[in-house]
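Numbering-wise (the numbering used here), the sequence shown opens with residue 346 and increments by one.
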Amino acid sequence: MTPKSPRAVANNISLVLNTMFGNDRFERGPVNVDEVALEYTKQISPSSHIEQIVGDDLPGCEGALVPGDTTPRRWAIMYDKKQNAGRRAYTVAHELGHFMLHRDLVDKDPDFDGGFHCTKEAVEHGAGRNIEKEANEFAATLLMPLDDYRRFIPSDQLADFSRLGEAAARYGVSLTAATLRWLEYTTSRAMVVASVDGFALWAKSSDAALKSGRFLRTKSDLFELPAASLAVSKLSRDESLEGIQQKAGVWFPEPTFEMCMRTDRYDFELTLLHFEGKAPAYQAEDDFQDSYTQFFRLGARA
Ligand SMILES: [Zn+2]
346 MTPKSPRAVA NNISLVLNTM FGNDRFERGP VNVDEVALEY TKQISPSSHI EQIVGDDLPG
406 CEGALVPGDT TPRRWAIMYD KKQNAGRRAY TVAHELGHFM LHRDLVDKDP DFDGGFHCTK
466 EAVEHGAGRN IEKEANEFAA TLLMPLDDYR RFIPSDQLAD FSRLGEAAAR YGVSLTAATL
526 RWLEYTTSRA MVVASVDGFA LWAKSSDAAL KSGRFLRTKS DLFELPAASL AVSKLSRDES
586 LEGIQQKAGV WFPEPTFEMC MRTDRYDFEL TLLHFEGKAP AYQAEDDFQD SYTQFFRLGA
646 RA
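Here it is in C-alpha cells:
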C-alpha cells in the first residue's frame, strides 16, 4: 500500500455517502460509522474486511483494530464500552482509519502484528506515533466534513458552546471533538483549554489565534489557569456557560470573552476564549505548532 492522505481517503468515503444520502445528509443524522466500517470495507476489500465491531472492557485502551490469525486477514474493531455514544463513534472512526491507512503494517512491522491498540490520548488528540495523528485526522474528516461544517458555522464566525454543542449533535461526536474540529478551520481568533482543578490538561488555538501569539505553552510546569478564570471561580454553571468579558491581563495582554463548560457529563472543564478582531501582525514562533501536543502530554502525566 502506498502512503495515503488521511484526508483524501476520508473524503472519498464522504463522496460515496453524499451520493447515497445526499449533500444534506447531516440534516437527517450523523455518519453511521458502524455501517461504513462494515459495508464500505467489504466493498473495497471483499476478501479481507472489517467483520465485527465489539464493545468490551479495554483497560488503558480506547479502541483497537485487531486482525485474525488466518490470511486473508479478518478484522474486528473493538472499543471500550464505557464510552458514551459520541466518543464511541469517534473511536470506531479512528480504528476504521487504521484499517484504511495502515492495515498492511500488521504483516510488515512486528510492532503491529497484534493490530492497533489506541489510548484515549491517541484517539482524542492523535498523540503518539504518526499513524495515530493520521487515524485521528481521518476520523475528524469522515465524521465532520469541512464543507458541511463551514455551512453550519461559517469560517469567519465565532461560535459559542451552545452552537458547538449543536454541531456535536449534528455530527454525533463529543463537544470536545466538535470544538477541536471547528478550531481547525475557523478564521476567527479562538482558543479552547481543557482543565482539571484549575490546571490545564491541553489547549488548542485556531490558526489566526496562534499567529497572533494567542496560545498557551508550558515548559516544565503545569499551566495554572488564571485565578479570575471561570473554571477556577465559583460562578454558576449557567453564568459560566453564558460567559464573561475578561480584562486585558487576565489571560493575555488583550481582553477576551471567556466561556466555560462545567458539567457532570465531562470529567474536566472546557474553557473557550474568543478574541476580538482579526489577527494582528504575524509573530514568528518557531515551536508553536508543538505546543498543543506538548501541552496535553504534560497534562497526561499529572
Ligand atoms: Zn490509533
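We put the CB at the ideal spot given by N, CA and C, even for glycine.
Quiz item: For ligand 1, is there a heavy atom less than 6 Å away from the beta-carbon of residue 482?
Solution: no
Practice problem: Kindly identify the DSSP beta-bridge partner or partners of residue 502. | Solution: BP columns for residue 502 are empty, so no partner.
Exercise. Output yes if chain B places a C-beta closer than 7 Å to the C-beta of residue 408; else output no.
Key: Considering every chain present, this structure includes no chain B. It has just one protein chain.
Self-check item: Minimum length 3: unbroken beta strand (DSSP E) runs contained in the stretch 443 to 485
Solution: 461 to 463
Quiz item: What is the DSSP secondary structure of residue 397, counted as helix, strand or coil?
Solution: strand
Practice problem: Using the Cα positions of residue 450 and residue 523, report the straight-line distance between them to the nearest angstrom. | Solution: 30 Å
Self-check item: residue 605 versus residue 399 - alpha carbon distance
Solution: 35 Å
Practice problem: Leaving aside the five residues before and after residue 442 along the sequence, list all residues of the same chain whose C-beta is less than 6 Å from its C-beta, in chain order. | Solution: 480, 483, 484
Quiz item: Roughly how many whole angstroms lie between the Cα atoms of residue 495 and residue 431?
Solution: 20 Å
Practice problem: Pick out whichever of 414, 401, 415 has its Cα sitting closest to the Cα of residue 327. | Solution: With the chain running from 346 to 647 in the structure shown, residue 327 is simply not present.
Quiz item: Straight-line CA distance for residue 415 to residue 471?
Solution: 30 Å
Self-check item: residue 403 vs residue 395 beta-carbon contact at 7 Å
Solution: no
Exercise. For residue 359, I'd like the list of residues in its chain whose CB is within less than 6 Å of its CB, leaving aside the five on either flank, ordered along the chain.
Key: 490
Practice problem: Determine the contact status of residue 570 and residue 540, defining contact as a CB-CB distance below 7 Å. | Solution: yes
Quiz item: Does DSSP classify residue 623 as helix, strand or coil?
Solution: coil
Self-check item: Three-state class that DSSP yields for residue 528 in the structure shown
Solution: helix
Quiz item: Taking residue 510 as the reference, which of 533, 499, 527 has the closest Cα?
Solution: 527
Quiz item: Who pairs with residue 606 in a beta bridge, going by DSSP?
Solution: 615
Quiz item: By Cβ distance, which residues of its chain are closer than 6 Å to residue 488, with the 5 residues on each side in sequence left out?
Solution: 376, 438, 516, 518
Quiz item: What separation, rounded to the nearest whole angstrom, lies between the Cα atoms of residue 586 and residue 463?
Solution: 32 Å
Quiz item: Hey, is the stretch 406 to 415 in contact with the stretch 495 to 505, meaning 3+ C-beta pairs nearer than 8 Å?
Solution: no
Practice problem: Kindly identify the DSSP beta-bridge partner or partners of residue 536. | Solution: 550, 618
Quiz item: Where does residue 382 sit, in a helix, a strand or coil, going by DSSP?
Solution: helix
Quiz item: Going by other Cβ atoms of all chains shown within 10 Å of its Cβ, with 16 needed for buried, is residue 374 buried or exposed?
Solution: exposed
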